[in-house]
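>
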Amino acid sequence: MHSNPHDLATRLKGLLRGNAYPVLRWNEDGEETILSAAALWNLALERRHQWRRLGFRAGDFVRSEARGIEFVIDLVACGIGHHILWPRPMELLDQGSVHMIGDSGAKPSVFLPASQSRAWEARTGQPISSPNVKGELANPILLLQTSGTSGHGPKSVVLSAEAILYQIDSHLEVLRPASESTRLCILPWHHAFGLVLDLLLGLFAKQDLVIYGTLRKPPSFARVRETIQRDRPEWLALVPRQLDFLLSRPLSEYQALNIHVGGGLVGEKTLEHARGHFRNLIEGYGMTECGPGILLDGRVLPGTVIRTNADSELEVHSPSIGFWDERAHQLTSDHFLKTGDLCEIESVSGEIRILGRTGNRLKLRDGTWTARELVESEIERGFGIQHAIIVHKSEGAEVLLLTDGPLREPQEIKMRIVEFLEKRLGGMARVQTRVIDAALREIAEHRSGKTFKEALQGVL
378 MHSNPHDLAT RLKGLLRGNA YPVLRWNEDG EETILSAAAL WNLALERRHQ
428 WRRLGFRAGD FVRSEARGIE FVIDLVACGI GHHILWPRPM ELLDQGSVHM
478 IGDSGAKPSV FLPASQSRAW EARTGQPISS PNVKGELANP ILLLQTSGTS
528 GHGPKSVVLS AEAILYQIDS HLEVLRPASE STRLCILPWH HAFGLVLDLL
578 LGLFAKQDLV IYGTLRKPPS FARVRETIQR DRPEWLALVP RQLDFLLSRP
628 LSEYQALNIH VGGGLVGEKT LEHARGHFRN LIEGYGMTEC GPGILLDGRV
678 LPGTVIRTNA DSELEVHSPS IGFWDERAHQ LTSDHFLKTG DLCEIESVSG
728 EIRILGRTGN RLKLRDGTWT ARELVESEIE RGFGIQHAII VHKSEGAEVL
778 LLTDGPLREP QEIKMRIVEF LEKRLGGMAR VQTRVIDAAL REIAEHRSGK
828 TFKEALQGVL
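Just so you know, we're using my numbering here: the sequence shown kicks off at 378 and counts up by one.
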């Protein structure tokens with residue numbers, strides 16, 4: 378499956394030099410910039426030469442907060458120059474939200490071009506050097522920071538060239554996107570889903586990439602819909618929250634779209650609804666720290682090994698796990714990653730079904746435990762509810778039902794859900810309803826969260 382997996386520079390050279398595809402398109406302020414593969418190679422090669430003249434060496438860190446095509450040039454220049462790219466906006470540094478890898482509490486300092494270095498040192502009084510990455514890792518390429526598998530603060534990861542190419546090659550083998558087809562890139566690039574399995578995947582698939590990606594928030598959903606109508610893309614990667622917004626106002630143009638949705642658990646009711654609107658919908662599952670990418674539609678990617686432990690938690694061994702902070706105790710003694718996700722494996726088909734997070738389990742009336750997301754899904758499917766959010770307290774369960782419009786016979790439905798919950802969980806249950814109006818959608822669009830429910834839970 379892999380040709381020369383350790384040498385990303387060789388693969389990039391063969392992909393880009395002298396070729397027409399992939400093509401990059403970047404629209405800003407009404408002006409579109411179009412770049413062929415050959416032009417991208419030449420610009421990245423020149424940038425690498427500029428960095429060398431500034432004193433860059435292989436293994437040095439490059440922090441980029443460039444936009445659009447300029448960021449892609451930085452990315453390719455790092456790949457062919459064996460530098461480590463750190464896609465991080467400066468304002469996130471100012472907020473003190475980043476940490477030294479393997480050295481808790483310390484900010485990483487970053488090797489920057491001379492002009493940026495002087496400005497950084499003058500403003501902060503901190504000298505510029507390279508972060509100290511601990512642990513054995515061959516050929517590091519990307520330094521990323523994520524919210525972490527357990528949600529308890531950010532985690533840092535370094536992805537090697539081998540890990541990146543494994544992600545790309547294994548997904549291309551399964552997804553098989555047609556070369557020269559159009560891909561709309563809207564995911565942010567400081568997370569691995571948007572950077573590796575959207576932007577880089579599209580490059581290696583030799584697609585026509587319409588890019589709206591930045592290191593900040595993605596474009597508005599209204600703009601995404603306009604772009605779909607104008608450019609008629611055939612491929613689009615989304616997190617579940619973005620899928621929910623697209624489905625709120627379906628378009629006829631969706632029928633040509635292949636959707637790759639990941640980065641969070643998609644409700645079964647949403648998946649069933651979505652499959653009728655798109656040409657193809659592929660549900661991906663993965664850990665953002667690792668690449669991501671472990672499953673596609675419940676099937677394990679080639680080269681990845683999975684298992685479950687006694688608590689039904691999914692554990693993974695994969696070439697995409699290039700680096701992990703050993704202090705987090707997320708690795709088993711035989712180097713399987715404890716994902717923090719509950720799952721079940723179909724005995725006949727072998728498909729893996731992700732049920733929810735280990736930290737979100739609910740205790741049932743019979744004393745056993747189940748995923749909170751599974752009970753929410755039962756309510757959504759059984760009672761025709763768009764979104765159900767359960768908060769389990771000592772005195773019983775509270776449930777908020779989010780619907781697209783007023784419920785028919787709301788008191789009857791609420792009473793039946795109360796009976797269902799008291800039978801399943803025991804204790805008292807209370808149910809409230811709220812219609813998903815324009816104001817609620819606007820709140821969800823501007824709050825962080827991979828799913829619609831995640832974005833609203835802090836508000837509701």
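Each residue gets a CB set at the ideal place from its N, CA and C atoms; glycine is no exception.
(1) If you drop the 5 nearest sequence neighbours on each side, which residues of the same chain put their C-beta closer than 8 angstroms to that of Val616?
(2) May I have the straight-line CA-CA distance separating Ile518 from Ile820, to the nearest angstrom?
(3) Ignoring anything shorter than 3 residues or poking outside the region 615–664, list the beta strand (DSSP E) runs there in chain order.
(4) Mapping DSSP to helix, strand and coil, what is Val464?
(5) Measuring only the C-alpha atoms, how far is Gly761 from Glu660?
(6) From Gln632 to Gly653, what does the alpha carbon distance come to, in whole angstroms?
(7) Rounded to whole angstroms, what is the Cα-Cα separation between Leu613 and Arg560?
(8) Identify every residue that forms a DSSP beta bridge with Asn404.
(9) Please classify Leu612: does DSSP put it in a helix, a strand, or coil?
(10) Take Trp403 and list the residues in its own chain whose beta-carbon comes closer than 6 angstroms to its own, dropping the five residues that flank it on each side.
(11) Give me the residue from Ile794, Leu521 and Asp451 with the minimum Cα distance to Gln809.
(12) Could you pull out every unbroken alpha helix (DSSP H) segment of at least 4 residues lying fully inside the region 737–780, listed in chain order?
(13) In chain order, what residues of the same chain lie with their CB nearer than 6 angstroms to the CB of Trp418, ignoring the 5 residues before and after it?
(14) Using the Cβ count rule (16 or more neighbours within 10 Å means buried), how would you classify Pro783?
(15) Can you tell me which of Arg618, Ala415, Leu658 and Leu741 puts its alpha carbon nearest to the alpha carbon of Leu833?
(16) Rounded to the nearest angstrom, what separates Leu648 and Ile450 at their Cα positions?
(17) Could you give the first and the last residue of the continuous beta strand (DSSP E) run that contains Thr828?
(18) Quick check on the DSSP output: the alpha helix (DSSP H) that includes Gln376 runs from which residue to which?
(19) What is the DSSP secondary structure of Arg676, reduced to helix, strand or coil?
(20) Report back the beta-carbon spacing between Trp428 and Ala454 to the nearest angstrom; my notes put them in contact at under 8 angstroms.
(21) Use the C-beta contact count for Asp471: other C-beta atoms within 10 angstroms, 16 or more gives buried, fewer gives exposed.
(22) When the distance is taken between beta carbons, is Tyr662 closer than 9 angstroms to Ile722?
(23) Assuming the contact rule is C-beta atoms closer than 8 angstroms, Leu389 and Gly456 should be a hit. Round their C-beta distance to whole Å, please.
(24) Decide if Trp566 is buried, meaning its Cβ has at least 16 other Cβ atoms within 10 Å, or exposed.
(25) Identify whether Glu690 lies in helix, strand or coil by the three-state DSSP scheme.
(26) Please classify Asn635: is it buried, with 16 or more other beta-carbons within 10 angstroms of its beta-carbon, or exposed?
(27) What's the gap between the Cα of His460 and the Cα of Gly436?
(28) Quick one: measure Cβ to Cβ for Gly579 and Leu586, integer angstroms, because I've assumed they're closer than 8 angstroms.
(29) By how many angstroms is the C-alpha of Cys562 removed from the C-alpha of Glu630?
(30) If you draw a straight line from the C-alpha of Ala815 to the C-alpha of Phe622, how long is it?
(31) For Ala397 and Ala415, I'd like the C-alpha separation in whole angstroms.
(32) Apart from the five residues just before and just after Gln544, which ones in its own chain have a Cβ nearer than 7 angstroms to its Cβ?
(33) Here's a check: name, in chain order, each residue in its chain whose Cβ is nearer than 8 angstroms to the Cβ of Glu690, leaving out the five neighbours to either side.
(34) Return the bridge partner residues of Gly733 from the DSSP annotation.
(35) Secondary structure at Thr681, three-state DSSP: helix, strand or coil?
(36) Pick from Pro464, Ala540 and Arg600: whose alpha carbon is nearest that of Ala443?
On the basis of the coordinates in this document:
(1) Counting from one through the sequence shown, the residue named residue 616 turns up at place 239. In its chain, beyond the 5 residues on either side, Leu564, Phe570, Val638, Gly639, Gly640, Gly641, Lys827 and Thr828 have a beta carbon closer than 8 angstroms to the beta carbon of Val616.
(2) As a first step, residue 518 is located in the sequence shown; it is residue number 141 there, counting from the start. As a first step, residue 820 is located in the sequence shown; it is residue number 443 there, counting from the start. The alpha-carbon atoms of Ile518 and Ile820 are separated by roughly 36 angstroms.
(3) 635–638 and 657–662, all fully within the region 615–664.
(4) Locating residue 464 in the sequence shown gives position 87, where the first residue counts as 1. According to the sequence shown, residue 464 is Pro rather than Val. The answer is strand: DSSP assigns Pro464 an E or B state.
(5) Here residue 761 is taken as the residue at index 384 of the sequence shown, counted from 1. Here residue 660 is taken as the residue at index 283 of the sequence shown, counted from 1. Rounded to whole angstroms, the gap between the alpha carbons of Gly761 and Glu660 is 22 angstroms.
(6) As a first step, residue 632 is located in the sequence shown; it is residue number 255 there, counting from the start. As a first step, residue 653 is located in the sequence shown; it is residue number 276 there, counting from the start. Taking the straight line from one Cα to the other gives about 9 angstroms.
(7) Mapped onto the sequence shown, residue 613 falls at position 236. Mapped onto the sequence shown, residue 560 falls at position 183. The C-alpha of Leu613 lies about 6 angstroms from the C-alpha of Arg560.
(8) Here residue 404 refers to the residue found at position 27 when the sequence shown is read from its first residue. BP columns for Asn404 point to Glu409.
(9) Taking the first residue of the sequence shown as 1, we reach residue 612 at position 235. Note on residue identity: the sequence assigns Trp, not Leu, to residue 612. Assigned with DSSP and collapsed to three states, Trp612 falls in strand.
(10) Within the sequence shown, the letter at position 26 stands for residue 403. Excluding residues within five positions, the ones whose Cβ falls inside 6 angstroms are Thr410, Gly445, Ile446 and Ile588.
(11) Locating residue 809 in the sequence shown gives position 432, where the first residue counts as 1. Distance from the Cα of Gln809 is smallest, within the candidate group Ile794, Leu521 and Asp451, for Ile794.
(12) DSSP runs (the alpha helix (DSSP H)) wholly in the region 737–780: 749–760.
(13) The residue labelled residue 418 in the question sits at position 41 within the sequence shown. In the same chain as Trp418, and ignoring 5 residues on each side of it, the C-beta atoms closer than 6 angstroms to its own belong to Leu393 and Arg394, in chain order.
(14) Counting from 1 along the sequence shown, the entry for residue 783 is found at position 406. Pro783 should be labelled exposed.
(15) In the sequence shown, residue 833 corresponds to position 456, counting from 1. A check of alpha carbon separations from Leu833 across Arg618, Ala415, Leu658 and Leu741 identifies Arg618 as the nearest.
(16) The sequence position of residue 648 within the sequence shown is 271, counting from 1. The sequence position of residue 450 within the sequence shown is 73, counting from 1. Each residue's Cα considered, the two are about 36 angstroms apart.
(17) The residue labelled residue 828 in the question sits at position 451 within the sequence shown. Thr828 -> no beta strand (DSSP E), and no H or E assigned at all.
(18) With the chain represented from 378 up to 837, any question about residue 376 goes unanswered, as that position is not in the structure.
(19) For this step, residue 676 is matched to residue 299 along the sequence shown. Here Arg676 sits in strand by DSSP.
(20) Within the sequence shown, the letter at position 51 stands for residue 428. Within the sequence shown, the letter at position 77 stands for residue 454. Sure, about 7 angstroms apart at Cβ, within 8 angstroms.
(21) Here residue 471 refers to the residue found at position 94 of the sequence shown. Residue placement at Asp471 is flagged as unreliable, the pLDDT there being 36, under the threshold of 50; the coordinate-derived value follows with that caveat. Asp471 should be labelled exposed.
(22) Here residue 722 refers to the residue found at position 345 when the sequence shown is read from its first residue. Here residue 662 refers to the residue found at position 285 when the sequence shown is read from its first residue. Contact: no.
(23) The residue given as residue 389 occupies position 12 in the sequence shown. The residue given as residue 456 occupies position 79 in the sequence shown. Confirmed, about 5 angstroms.
(24) The sequence position of residue 566 within the sequence shown is 189, counting from 1. Buried.
(25) Within the sequence shown, numbered from 1, the residue matching residue 690 stands at position 313. If DSSP states are grouped into helix, strand and coil, Glu690 belongs with the strands.
(26) By one-based count along the sequence shown, residue 635 stands at place 258. Counting of Cβ neighbours within 10 angstroms places Asn635 among the buried residues, the total reaching 16 or more.
(27) Position 83 of the sequence shown, counted from the first residue, corresponds to residue 460. Position 59 of the sequence shown, counted from the first residue, corresponds to residue 436. Their backbone Cα atoms lie some 5 angstroms apart in a straight line.
(28) Locating residue 579 in the sequence shown gives position 202, where the first residue counts as 1. Locating residue 586 in the sequence shown gives position 209, where the first residue counts as 1. Rounded, the Cβ-Cβ distance is 5 angstroms, consistent with contact.
(29) Looking up residue 630 in the sequence shown gives position 253. Looking up residue 562 in the sequence shown gives position 185. Answer to the nearest angstrom: the Cα atoms are 17 angstroms apart.
(30) By 1-based counting over the sequence shown, the position of residue 815 is 438. By 1-based counting over the sequence shown, the position of residue 622 is 245. If I take the Cα positions, the gap works out to 11 angstroms.
(31) Stepping through the sequence shown from its first residue, residue 397 is reached at position 20. Stepping through the sequence shown from its first residue, residue 415 is reached at position 38. Ala397 and Ala415: Cα-Cα distance of roughly 6 angstroms.
(32) Sequence index remark: in the sequence shown, residue 544 carries index 167 (1-based). So the qualifying residues of the chain are Val573, Leu574, Gly668, Gly670 and Ser697.
(33) Counting from 1 along the sequence shown, the entry for residue 690 is found at position 313. Within the same chain, and ignoring the five residues on either side of Glu690 in sequence, the residues whose Cβ sits closer than 8 angstroms to its Cβ are Lys715, Thr716, Gly717, Asp718, Leu719, Cys720 and Thr735.
(34) Here residue 733 corresponds to residue number 356 of the sequence shown, with the count starting at 1. In the DSSP output, where bridge partners are listed per residue, Gly733 has Leu719.
(35) To locate residue 681, count along the sequence shown from 1; it is residue 304. DSSP places Thr681 in coil when its eight states are reduced to three.
(36) As a working note, residue 443 is residue 66 in the sequence shown. Distances from the CA of Ala443 to each of Pro464, Ala540 and Arg600 were compared; the closest alpha carbon is that of Pro464.
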